[in-house]
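**Student:** So that we are looking at the same thing, I have put the structure below in structure tokens.
2 protein chains.
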Amino acid sequence: MSKELSERKKRILHALVDLYISTGQPVSSSDIQSKYLPEVSSATVRSELSALEALGYIEQPHTSAGRVPLKAAYKFYVDSISSSQTGEASLTDRETEIIRDRFFKRLERIEDMSKAAAKIISDATNYTSFCVEKSSMDIEIEEVKLVPLKGRKAVVLIVTDKGMLANKAIDLSDDVKGEYVDAASTLLNKVFAGRNLLELENFDLSEIDVEIKGFKDILDEVLQILRIYVSSHTDTVVVEGALKMLDYPEYSSVEDAKSFLSVIEDRDSMAQILSDDGSIELSVRIGKEDNGVDRCAIVTAAYKVGDEVVGKAGVIGPERMDYKKVIGVLELMKKTMSAVVDGTDRRITDGHKED
Amino acid sequence: MSKELSERKKRILHALVDLYISTGQPVSSSDIQSKYLPEVSSATVRSELSALEALGYIEQPHTSAGRVPLKAAYKFYVDSISSSQTGEASLTDRETEIIRDRFFKRLERIEDMSKAAAKIISDATNYTSFCVEKSSMDIEIEEVKLVPLKGRKAVVLIVTDKGMLANKAIDLSDDVKGEYVDAASTLLNKVFAGRNLLELENFDLSEIDVEIKGFKDILDEVLQILRIYVSSHTDTVVVEGALKMLDYPEYSSVEDAKSFLSVIEDRDSMAQILSDDGSIELSVRIGKEDNGVDRCAIVTAAYKVGDEVVGKAGVIGPERMDYKKVIGVLELMKKTMSAVVDGTDRRITDGHKED
DNA sequence: GTTAGCAGTCAATGGGTGAGAGTGCTAAAA
DNA sequence: TTTTAGCACTCTCACCCATTGACTGCTAAC
């Protein structure tokens, strides 16, 4: 904070976080000296460490213990790795290939993308992962059709530019004559075709300048179907590997585990947490004040089409997580997913790989 | 086992299980004596206890500890409560009313029944609960319709006696003429209408004695839609209150908690476990050999329509669970749900309560 | 500014001890 | 023969204490 650190302090801080991430134990001056700075003595490292402690980067759990990174130290660490290189370089070519491969292999239908991505991210990083699909309401109704069935039933079909939206069987109270159905279909199309789903939220039937006559019932019915769809269609959150967090000593008490899991399992609180970071491309949030989950770090990547964020993928793990790897995996997935959503890479839409 | 226990042994065994269920601690002879058998001395209880130990009902964790029930003791206990009274009597009228009330209040659409029931059972008992809905394949196709849309797209609508089944937009490669669509619709109906979904599994198009001509593509398409539906439509399992198990000291180590949760979270293994008990009306399975989950008891109730099991509801908890209450709640839910599914109690199908 | 050496601090470990809980056994009473 | 009171025995658990080992901070020399 405040002023720029000396080069040696930077090296020492980086070393300390590195060591702490891999061991989870407080790091001693001699550890740092022997593994990262053989050219100086441990006493020198010690004096640098007390300086860093005064600056608020690290602390000692107790007098005779080594040092543990604080939030500021993690921030510094994350900054230094994401500026020094593109994160993806932290994965070997082989790893990159395996991940890409698994992604396309699992992807038979495009709807499974979130699930597949979450699974792969969790497997590759060994942390709990999640994916959010923003359910865009920017859907245009192309066509509404009333299809008569046997008996007095009929089906309302609503076709949109993004595919089929909803269909529902309804009872027609009147006797169904072909003319009625045809007329109703025509009317429904006049009223709804070309409209956007968002417009419908405050939509008043009486504003429409078409003849409604005996069709009010059916119009209401369709409107209700659409409204139910809009209100029920919230962002979908999928979580993978929730139990992986229990492998880390940070969460080795049942109470901690329980409080973590109860947040993770609750889709609403997850959606809340994930929406907090706006639409930053790559966001790293550490600690409860930052992300709402105690003693955790959350890394999210937003994937976009054009300028619009269409979803997010991320990892939630202990503060001392392997940021290098996580950022690498997320950047790779981000690229891959953006390409698929975008249509640049359509390997899966026809059901098989091309390469 | 082997021989019938003396009346006093029965009382002592019952008392021991009762005490162990409420405290979770090994039960001493004097506990039993003071709270359940004041007319004899603790020494007498002691000698009875060693007899029961020899018979395999109970054991001592170590020499100077009290006794703990074994599986045989729980079996005895469950038998004695379910024969002595109908379990439901173990709930007060007030409790019964509250549970019924909550059930109907939550139930706005019939599809939510499993979820609602699981939630209520879990809340009422404080254990992890689950519901399984058997997805019956006994569905008859009533009508197949090919509905042309704008452009070259069309929708296949499949109507069954149980409601709408599936619909899928397809591309028609040929130019779409009204006649083609009509002819195809007629053909599709000839082929599929009146058939049961189960027949379709090994269904050979060439066996059909209608003219196929140029319609093979569309027939294949529909057949595939149906097959995908059949294969993807497995029993649905919902689980509620998975984390409640962590409140019990039996699962206070993270490893135990993890192994429990990983079984519970996995729908497949749950479905497996739950199908194991056949269609017993009320099944109590204790211990790993019995139910596949370590140090747990599983109580399930099957709800039926006529003779057919259409679903199950149950509780999974520590071996020393409050069987009385659990059995009471499950019997109540079983009655209530059977009535709803059966159609005897249709309070919810028209969207509001009647009483 | 850096280093070696040393004293000081603290957590963790392990052995020892005493209290408490509960049993089994035995001999006497019912 | 069954039940009971009394007592010795066993085992766990909690606590204390001393020892160990891991670090640090300080100081004086380089």
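First to last, the protein sequences are chains C and V.
Positions 3 to 357 (this note's numbering) are the ones given, in order, by the first sequence.
Positions 3 to 357 (this note's numbering) are the ones given, in order, by the second sequence.
Ideal Cβ positions, reconstructed from N, Cα and C, are used throughout, including at glycine.
#1: Closer than 7 Å by beta-carbon distance: list the chain C residues that pair up with Ile147 of chain V, in chain order.
#2: Would you decide whether Arg69 of chain V is buried or exposed? Buried here means 16 or more other CB atoms lie within 10 Å of its CB.
#3: Give a yes or no on whether 8 Å exceeds the smallest Cβ distance from Ser254 of chain C to chain V.
#4: Closest to Ala67 of chain V by CA distance: which of V:Pro40, V:Pro28 and V:Gly58 is it?
#5: Find the residues of chain C that neighbour Ser264 of chain V, judging by a C-beta separation of less than 9 Å, and give them in chain order.
#6: Classify Ser138 of chain V: buried if its beta carbon has 16 or more other beta carbons within 10 angstroms, exposed otherwise.
#7: Are the beta-carbon atoms of Glu144 of chain C and Asp163 of chain C separated by less than 8 Å?
#8: Tell me, please, whether the CB atom of Val157 of chain C is closer than 8 Å to any CB atom in chain V?
#9: Which chain V residues sit within Cβ distance under 7 Å of Val161 of chain C?
#10: Kindly provide the ranges of any beta strand (DSSP E) runs that are 3 or more residues long and lie completely inside the region 130-160 of chain C, ordered along the chain.
#11: So, are the CB atoms of Ile300 of chain V and Glu321 of chain V less than 8 Å apart?
#12: Establish whether the CB of Lys260 of chain V and some CB of chain C are separated by less than 8 Å.
#13: Give the secondary structure of Ile282 of chain V by DSSP, where H, G and I count as helix, E and B as strand, and everything else as coil.
#14: How many whole angstroms separate the CB atoms of Ser82 of chain C and Val256 of chain V, which I take to be in contact at a CB cut-off of 8 Å?
#15: Have a look at the DSSP bridge pairing and note the partners of Arg69 of chain C.
#16: With burial defined as no fewer than 16 other Cβ atoms inside 10 Å of the residue's Cβ, what is the status of Ser131 of chain C: buried or exposed?
#17: For Gly289 of chain C, does the three-state DSSP call read helix, strand or coil?
#18: Can you list, in chain order, the residues of the region 122-146 of chain V whose Cβ is nearer than 7 Å to any Cβ on chain C?
#19: Rounding to the nearest angstrom, what Cα-Cα distance links Leu199 of chain C and Leu228 of chain C in this structure?
#20: Out of V:Pro71, V:Leu39 and V:His16, point me to the one whose CA is closest to Pro63 of chain V's CA.
#21: Just to confirm, is the Cβ distance from Thr98 of chain C to Val317 of chain C under 8 Å?
#22: For Thr338 of chain C, does the count of other Cβ atoms within 10 angstroms reach 16, so buried, or fall short, so exposed?
#23: Against Leu248 of chain C, what residues of chain V qualify as contacts under a CB-to-CB distance less than 9 Å, listed in chain order?
#24: Output yes or no for whether 8 Å exceeds the beta carbon distance between Ala120 of chain C and Val311 of chain C.
#25: Can the beta-carbon of Ala273 of chain C be found less than 8 Å from the beta-carbon of Asp249 of chain C?
#26: Based on the DSSP secondary-structure assignment, which residues constitute the bridge partners of Glu242 of chain V?
#27: Quick one: using the 10 Å Cβ neighbour count with 16 as the cut-off for buried, is Lys290 of chain V buried or exposed?
#28: Can you look up Pro320 of chain C in the DSSP assignment and give me helix, strand or coil?
#29: Hey, how far is the Cα of Leu202 of chain C from the Cα of Asp222 of chain C?
#30: At which residues does the alpha helix (DSSP H) containing Tyr231 of chain V begin and terminate?
#31: Using C-beta distances below 6 Å, list every residue in its chain close to Ala303 of chain V, excluding the 5 sequence neighbours before and after it, in chain order.
#32: DSSP on Glu61 of chain V, reduced to helix/strand/coil?
**Tutor:** Per the coordinate set shown:
#1: Along the second sequence, read from residue 1 onward, the residue named residue 147 of chain V stands at position 145. Ile is not the amino acid found at residue 147 of chain V; the sequence shown has Lys there. Those within 7 Å of Lys147 of chain V in chain C are Val149.
#2: By one-based count along the second sequence, residue 69 of chain V stands at place 67. By the neighbour-count rule (16 or more Cβ atoms within 10 Å), Arg69 of chain V is buried.
#3: To locate residue 254 of chain C, count along the first sequence from 1; it is residue 252. Yes, because at least one Cβ of chain V sits closer than 8 Å to the Cβ of Ser254 of chain C.
#4: Walking along the second sequence from the start, residue 67 of chain V turns up at place 65. Ranking V:Pro40, V:Pro28 and V:Gly58 by Cα distance to Ala67 of chain V puts V:Pro28 first.
#5: Residue mapping note: residue 264 of chain V aligns to position 262 of the second sequence, counting from 1. Leu245, listed in chain order.
#6: For this step, residue 138 of chain V is matched to residue 136 along the second sequence. Classification for Ser138 of chain V: exposed.
#7: Locating residue 144 of chain C in the first sequence gives position 142, where the first residue counts as 1. Locating residue 163 of chain C in the first sequence gives position 161, where the first residue counts as 1. Going by C-beta atoms, Glu144 of chain C is nearer than 8 Å to Asp163 of chain C.
#8: Within the first sequence, the letter at position 155 stands for residue 157 of chain C. Chain V contact via Cβ: present.
#9: For the purposes of this step, residue 161 of chain C is taken as residue 159 along the first sequence, with counting starting at 1. Leu151, listed in chain order.
#10: 130-135 and 143-150
#11: By 1-based counting over the second sequence, the position of residue 300 of chain V is 298. By 1-based counting over the second sequence, the position of residue 321 of chain V is 319. Not in contact: Ile300 of chain V and Glu321 of chain V (Cβ atoms no closer than 8 Å).
#12: Along the second sequence, one-based indexing puts residue 260 of chain V at 258. Chain C, which has a Cβ nearer than 8 Å to the Cβ of Lys260 of chain V, makes this yes.
#13: Locating residue 282 of chain V in the second sequence gives position 280, where the first residue counts as 1. Note: Ile282 of chain V maps to coil in three-state DSSP.
#14: The residue given as residue 82 of chain C occupies position 80 in the first sequence. The residue given as residue 256 of chain V occupies position 254 in the second sequence. About 33 Å; that fails the 8 Å criterion.
#15: In the first sequence, counting from the first residue as 1, residue 69 of chain C sits at position 67. Note: Arg69 of chain C sits in a beta bridge opposite C:Val29.
#16: Here residue 131 of chain C refers to the residue found at position 129 of the first sequence. Classification of Ser131 of chain C: buried, given that the 10 Å Cβ count is 16 or more.
#17: Taking the first residue of the first sequence as 1, we reach residue 289 of chain C at position 287. Residue state, collapsed to three classes: coil.
#18: Glu144 and Glu145
#19: Mapped onto the first sequence, residue 199 of chain C falls at position 197. Mapped onto the first sequence, residue 228 of chain C falls at position 226. C-alpha separation (whole angstroms): 8 Å.
#20: If you number the second sequence from 1, residue 63 of chain V lands on position 61. Closest option to Pro63 of chain V, Cα to Cα, is V:Pro71.
#21: As a working note, residue 98 of chain C is residue 96 in the first sequence. As a working note, residue 317 of chain C is residue 315 in the first sequence. No, these two residues do not count as a Cβ contact at 8 Å.
#22: The sequence position of residue 338 of chain C within the first sequence is 336, counting from 1. Thr338 of chain C should be labelled buried.
#23: Translated into the one-based positions of the first sequence, residue 248 of chain C becomes position 246. Here the neighbours are Val256, Glu257, Ala259, Lys260 and Leu263.
#24: The count along the first sequence starts at 1 and reaches residue 120 of chain C at position 118. The count along the first sequence starts at 1 and reaches residue 311 of chain C at position 309. It is not a contact, given that the beta carbons lie outside the stated cut-off.
#25: Translated into positions along the first sequence, residue 273 of chain C becomes position 271. Translated into positions along the first sequence, residue 249 of chain C becomes position 247. Cβ atoms of Ala273 of chain C and Asp249 of chain C: not closer than 8 Å.
#26: Sequence index remark: in the second sequence, residue 242 of chain V carries index 240 (1-based). Paired residues: V:Ser131.
#27: Reading the second sequence from its first residue, position 288 is the one you call residue 290 of chain V. Lys290 of chain V comes out exposed.
#28: Counting from 1 along the first sequence, the entry for residue 320 of chain C is found at position 318. Of the three classes helix, strand and coil, the one that applies to Pro320 of chain C here is strand, per DSSP.
#29: Position 200 of the first sequence, counted from the first residue, corresponds to residue 202 of chain C. Position 220 of the first sequence, counted from the first residue, corresponds to residue 222 of chain C. Distance between the alpha carbons of Leu202 of chain C and Asp222 of chain C: 12 Å.
#30: For the purposes of this step, residue 231 of chain V is taken as the residue at position 229 of the second sequence. Lys218 to Ser234 is the span of the alpha helix (DSSP H), which, as asked, contains Tyr231 of chain V.
#31: Residue 303 of chain V sits at position 301 when you count from the first residue of the second sequence. Answer for Ala303 of chain V: Leu284, Ala315, Leu332 and Lys336, listed in chain order.
#32: As a first step, residue 61 of chain V is located in the second sequence; it is residue number 59 there, counting from the start. Strand at Glu61 of chain V.
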